[in-house]
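Q:
Next comes the structure, spelled out in structure tokens:
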């Protein structure tokens, strides 16, 4: 049975589940690509441009793949939280749970030739650009199987073949890099765009003068903008589709994704000193992105409660398996200390802490 | 540039150098970068006494001061005398402190590496090598006279720093000693620094990228011409 979205590669083990339950197959709604129209939660607010319509066409297959992908991302981030507390992850860890709709919605609107660049809250974006769970967990634990061979850590995830350029620790630093990516696309005239993402904390750094007005989507009147409900994957998808078309014709546009993270800023921030627990649980009740898709799936009778619960269970299992595999991965070999410093080493020597003891020629 | 009409009496303070597992963009020690600039003063406290005395001095100083602390040292306690606790306690900028006196080899260090150097000195003492540990405290202006006086006494020098070796603090100290006390050196100057690579995240690689106490001990022994088994090159 065809699962149409590339994002659904994330949950390969699901297919055997469906084929072994004939009663579900007879309904066969989940493979349907017939279009369904959904309305976004709220209309778009636009600044200096015409907002796109609230009606988004989708399909049962896409709804299901959104649900699966977001469930996987949610489980992955929660598992990362436990791993950090178990001291298997060191240093920094910035979690994305609550914000899954942005990664999933954006991915649905663009291709892998379009580029995404973001800051350090990058685990889910990496996944949506084609990364695997094992690469994520192994990297977080500093093991060889990680996508940066264990040398990068939480803030340095990249996937060039998926158009994902990181993964940056310095707040706001990724924005000029994103501009560079966009210029490269403009010069090569290949009809692709770059999405440079940053949080509202990245506004007050040197590259962008501190926000002149908190209406971020107006961005001080320099570029047109759109304010989007970032907890609604379809709103995000529609907005990104609109933005890509706009950028290819008219130049940059800013999207203000009104999203919400359930965890604190990082693992050293409880996230309750500047907001109330009621606020957090309120958002969970009213605006959770996965719940929104669940309600749509149920109301359109694409799945039953039980099936969706099974998908979430499968996601949990897949995450647990990936963690187990990642734990088995070894630490990087000591010779990795000297790899990837230059593209070509030219026989240059580099040294360890004691230069008479440890020296190497850069590969 | 204003012929002295306008001065910049500001202090920039913050964490510097590697914490634990914070990766390539959050681990660099910038002491050498800042210390290359004429007009700046660069201070690197190690103990509580340093932190208190030097910060006060930095604030009172009429020039821009870069005050480089170490995140991991925030959690360490140090014994302090009543004099240090006094509200007017102040340390002079540009003077290093001899944390431990010795006669066989001089070890210079700053910030967290002072603690490592002291541990190394303990280990060396057991083997009959008496190390003098200098806490630089001030990277710019560098206390060349204290360093040179110490090397003239011990005739051997090991510089220790957390940052990258090339064009670093150790390189400057080595040059100063070669320029002013060349005849007193009985062995080449040894330099222990961070590995010459961007800081890796994996725990085992990170340990290799930052100086360890054993590295300092080994280097000190080499200056004393004690046989040290040479490891194979990587």
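Chains as they are written, first to last, in UniProt numbering: chain A, 1 to 363; chain B, 1 to 234.
In this text, a Cβ means the ideal position worked out from N, Cα and C, and glycines have one as well.
In chain order, what residues of the stretch 68-88 of chain B put their CB closer than 8 Å to some CB of chain A?
A: If the cut-off is 8 Å between Cβ atoms, the stretch 68-88 of chain B has nothing near chain A.
Q: Using 8 Å for Cβ pairs, my map puts residue 239 of chain A next to residue 44 of chain A. What's the rounded Cβ distance?
A: On the first chain, residue 239 of chain A is found 239 positions in, with the first residue counted as 1. On the first chain, residue 44 of chain A is found 44 positions in, with the first residue counted as 1. Confirmed, Cβ separation roughly 7 Å.
Q: Helix, strand or coil: how does DSSP classify residue 268 of chain A here?
A: Against the first chain, residue 268 of chain A aligns to sequence position 268. Residue state, collapsed to three classes: coil.
Q: If the criterion is Cβ atoms closer than 7 Å, does the pair residue 191 of chain B and residue 159 of chain B meet it?
A: Along the second chain, one-based indexing puts residue 191 of chain B at 191. Along the second chain, one-based indexing puts residue 159 of chain B at 159. Result yes, Cβ atoms of residue 191 of chain B and residue 159 of chain B sit closer than 7 Å.
Q: Going straight from the alpha carbon of residue 47 of chain B to that of residue 68 of chain B, what length do you get?
A: Your numbering for residue 47 of chain B matches position 47 in the second chain. Your numbering for residue 68 of chain B matches position 68 in the second chain. Near 13 Å, if we compare the C-alpha coordinates of residue 68 of chain B and residue 47 of chain B.
Q: Apart from the five residues just before and just after residue 217 of chain B, which ones in its own chain have a Cβ nearer than 7 Å to its Cβ?
A: Here residue 217 of chain B is taken as the residue at index 217 of the second chain, counted from 1. The residues are 120, 123, 124.
Q: Enumerate in chain order the residues of its own chain whose CB-to-CB distance from residue 7 of chain B is below 8 Å, with the five nearest sequence positions on each side excluded.
A: Reading the second chain from its first residue, position 7 is the one you call residue 7 of chain B. Cβ within range, chain order: 62, 63.
Q: Along the stretch 159-181 of chain A, what residues have a CB closer than 8 Å to any CB found in chain B?
A: Correct list: 168, 169, 170.
Q: Please specify which runs of the alpha helix (DSSP H), each continuous and at least 4 residues long, are wholly inside the UniProt domain "Transketolase C-terminal" (94-216) of chain B, giving them in chain order.
A: With a minimum length of 4 residues, the continuous alpha helix (DSSP H) runs that stay inside the UniProt domain "Transketolase C-terminal" (94-216) of chain B are 112-126, 144-154, 169-181, 203-209.
Q: Under 7 Å between C-beta atoms, does residue 297 of chain A make it to chain B?
A: The sequence position of residue 297 of chain A within the first chain is 297, counting from 1. Taking Cβ atoms only, chain B never reaches closer than 7 Å to residue 297 of chain A, which makes this a no.
Q: Closer than 8 Å by C-beta to residue 20 of chain A: which residues in its own chain qualify, once you throw out the five before and the five after it? Chain order, please.
A: Here the question's residue 20 of chain A lines up with position 20 in the first chain. With a pLDDT of 41 at residue 20 of chain A, under the threshold of 50, the predicted position of this residue should be treated as unreliable, and no value is reported.
Q: Note down, in chain order, every chain A residue with its Cβ under 8 Å from the Cβ of residue 28 of chain B.
A: On the second chain, residue 28 of chain B is found 28 positions in, with the first residue counted as 1. Those within 8 Å of residue 28 of chain B in chain A number zero; the least Cβ separation is about 11 Å.
Q: Skipping 5 residues on each side, what residues in its chain have a beta carbon closer than 6 Å to that of residue 103 of chain A?
A: Position 103 of the first chain, counted from the first residue, corresponds to residue 103 of chain A. Closer than 6 Å at Cβ, skipping near neighbours: 124, 125, 128.
Q: Buried or exposed, going by whether 16 or more other CB atoms sit within 10 Å of the CB of residue 22 of chain A?
A: Taking the first chain and counting its residues from 1, the one referred to as residue 22 of chain A is at position 22. Since pLDDT at residue 22 of chain A reaches only 41, below the 50 mark, its modelled position is unreliable, and the value read off the structure follows with that caveat. Residue 22 of chain A should be labelled exposed.
Q: Take the Cβ of residue 102 of chain B as the centre, count every other Cβ of all protein chains shown within 10 Å, and call the residue buried at 16 or more, exposed below.
A: Residue numbering aside, residue 102 of chain B sits at position 102 when the second chain is read from its first letter. When all chains shown are included, residue 102 of chain B counts as buried.
Q: Looking at residue 252 of chain A and residue 283 of chain A, is the spacing between their C-beta atoms short of 7 Å?
A: In the first chain, the residue the question calls residue 283 of chain A occupies position 283. In the first chain, the residue the question calls residue 252 of chain A occupies position 252. Result no, Cβ atoms of residue 283 of chain A and residue 252 of chain A do not sit closer than 7 Å.
Q: Which ranges would you report for the alpha helix (DSSP H) in the stretch 104-183 of chain A if only whole runs of at least 4 residues count?
A: Those alpha helix (DSSP H) runs which fall completely within the stretch 104-183 of chain A and span 4+ residues are 123-128, 133-140.
Q: Give the DSSP-derived three-state secondary structure of residue 23 of chain A in the structure shown.
A: To locate residue 23 of chain A, count along the first chain from 1; it is residue 23. Here the model assigns residue 23 of chain A a pLDDT of 41, short of 50, so the residue's position is not dependable, and the following value carries that caveat. In this structure, residue 23 of chain A counts as helix in the three-state DSSP scheme.
Q: In chain B, which residues lie with their C-beta within 7 Å of the C-beta of residue 351 of chain A?
A: What you label residue 351 of chain A is simply residue 351 of the first chain in a count that begins at 1. Neighbours of residue 351 of chain A on chain B, chain order: 165, 195, 196.
Q: Would you mind telling me which residues of chain B sit closer than 7 Å to residue 337 of chain A, beta carbon to beta carbon, in chain order?
A: On the first chain, position 337 is the one that residue 337 of chain A refers to. Those within 7 Å of residue 337 of chain A in chain B are 195, 197, 200, 205, 208, 209.
Q: Use the C-beta contact count for residue 210 of chain A: other C-beta atoms within 10 angstroms, 16 or more gives buried, fewer gives exposed.
A: Stepping through the first chain from its first residue, residue 210 of chain A is reached at position 210. Any reading at residue 210 of chain A must be qualified, since the residue scores a pLDDT of 36, below 50, and its modelled position is unreliable; no value is offered.
Q: Going by DSSP, which residues form a beta bridge with residue 64 of chain A?
A: Reading the first chain from its first residue, position 64 is the one you call residue 64 of chain A. Bridge partners of residue 64 of chain A: none, in fact.
Q: Quick one: is residue 347 of chain A near chain B, going by C-beta distance under 7 Å?
A: As a first step, residue 347 of chain A must be located in the first chain, where it is residue number 347. Not closer than 7 Å to any Cβ of chain B, the Cβ of residue 347 of chain A fails to qualify, so no.
Q: Would you please state the rounded distance, in angstroms, between the beta carbons of residue 297 of chain A and residue 303 of chain A? I believe it to be under 8 Å.
A: If you number the first chain from 1, residue 297 of chain A lands on position 297. If you number the first chain from 1, residue 303 of chain A lands on position 303. The pair is a contact, with the Cβ atoms about 5 Å apart (cut-off 8 Å).
Q: Reducing DSSP to helix, strand and coil, say where residue 223 of chain B ends up.
A: Residue mapping note: residue 223 of chain B aligns to position 223 of the second chain, counting from 1. In the structure shown, residue 223 of chain B sits in a helix (DSSP, three-state: H, G or I).
Q: Using C-beta distances below 7 Å, list every residue in its chain close to residue 228 of chain A, excluding the 5 sequence neighbours before and after it, in chain order.
A: For the purposes of this step, residue 228 of chain A is taken as the residue at position 228 of the first chain. Around residue 228 of chain A: 44, 235, 236, 239, 255, 256, 257, 258.
Q: Classify residue 303 of chain A as helix, strand or coil using the three-state DSSP reduction.
A: Indexing the first chain from 1 puts residue 303 of chain A at position 303. Residue state, collapsed to three classes: coil.
Q: May I have the straight-line CA-CA distance separating residue 37 of chain B from residue 160 of chain A, to the nearest angstrom?
A: One-based indexing of the second chain puts residue 37 of chain B at position 37. One-based indexing of the first chain puts residue 160 of chain A at position 160. Approximately 38 Å between the Cα atoms of the pair.
Q: Check each candidate in A:154, A:49, A:91, A:101 and name the one with the smallest Cα separation from residue 119 of chain A.
A: Counting from 1 along the first chain, the entry for residue 119 of chain A is found at position 119. The shortest Cα separation from residue 119 of chain A among A:154, A:49, A:91, A:101 belongs to A:154.
Q: Compare the Cα-Cα distances from residue 192 of chain A to each of A:326, A:347, A:110, A:327 and report the closest residue.
A: Here residue 192 of chain A corresponds to residue number 192 of the first chain, with the count starting at 1. The shortest C-alpha separation from residue 192 of chain A is found at A:110.
Q: Among all the DSSP beta bridges, which residues are the ones paired with residue 35 of chain A?
A: Mapped onto the first chain, residue 35 of chain A falls at position 35. BP columns for residue 35 of chain A point to A:59.
Q: Tell me residue 47 of chain A's beta-bridge partners as DSSP assigns them.
A: Start at 1 with the first residue of the first chain, and residue 47 of chain A comes out as number 47. Answer is A:225, bridged to residue 47 of chain A.
Q: Could you give the distance in angstroms between the alpha-carbon of residue 47 of chain A and the alpha-carbon of residue 221 of chain A?
A: Here residue 47 of chain A corresponds to residue number 47 of the first chain, with the count starting at 1. Here residue 221 of chain A corresponds to residue number 221 of the first chain, with the count starting at 1. Between residue 47 of chain A and residue 221 of chain A, the C-alpha separation is close to 8 Å.
Q: Quick check: the Cα distance between residue 287 of chain A and residue 113 of chain B, rounded to an integer number of angstroms?
A: Looking up residue 287 of chain A in the first chain gives position 287. Looking up residue 113 of chain B in the second chain gives position 113. Between residue 287 of chain A and residue 113 of chain B, the C-alpha separation is close to 50 Å.
Q: Which partner residues of residue 359 of chain A appear in the DSSP bridge assignment?
A: As a first step, residue 359 of chain A is located in the first chain; it is residue number 359 there, counting from the start. Paired residues: A:351.
Q: So, is residue 16 of chain B buried or exposed, given that buried needs 16 or more other C-beta atoms within 10 angstroms?
A: Translated into the one-based positions of the second chain, residue 16 of chain B becomes position 16. The residue in question, residue 16 of chain B, is buried, as its Cβ has 16 or more Cβ neighbours within 10 Å.
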